[in-house]
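The structure under discussion appears below in the form of structure tokens.
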């Protein structure tokens with residue numbers, strides 16, 4: 002039977018995060034004040050992707066999305 006550390010459980014202080022490839026970059030996602038999402042300047046319109054992006058958004062007391 003495998004122990005947690007054999008499965009990468011992080012008990013020995015090792016990172017649970019896989020290494021990031023050198024050619025990887027953060028996505029250029031932004032949301033405007035109306036709640037519309039943009040990926041590298043292009044508006045995201047796919048209903049499923051929008052549902053995922055908007056799923057955890059809330060507006061704070063000043064109307065900003067958090």
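In the working numbering, the protein residues as written are 2 to 67.
From the three backbone atoms N, C-alpha and C, an ideal C-beta is built for every residue, glycine too.
Bear in mind that the values here come from a model prediction, so they are computed numbers and not experimental data.
- The stretch 19-29 makes no contact with the stretch 50-62, as fewer than three CB pairs between them are under 8 angstroms.
- The C-beta distance from residue 38 to residue 17 rounds to 29 angstroms, too long to fall under 8 angstroms, and the pair is not in contact.
- In the DSSP assignment, residue 31 falls outside any alpha helix (DSSP H) and lies within the beta strand (DSSP E) extending over 30-32.
- Looking only at 20, 31, 19, the smallest Cα-Cα distance to residue 66 is reached by 31.
- Each residue's CA atom was taken as its position, placing residue 44 and residue 35 some 12 angstroms apart.
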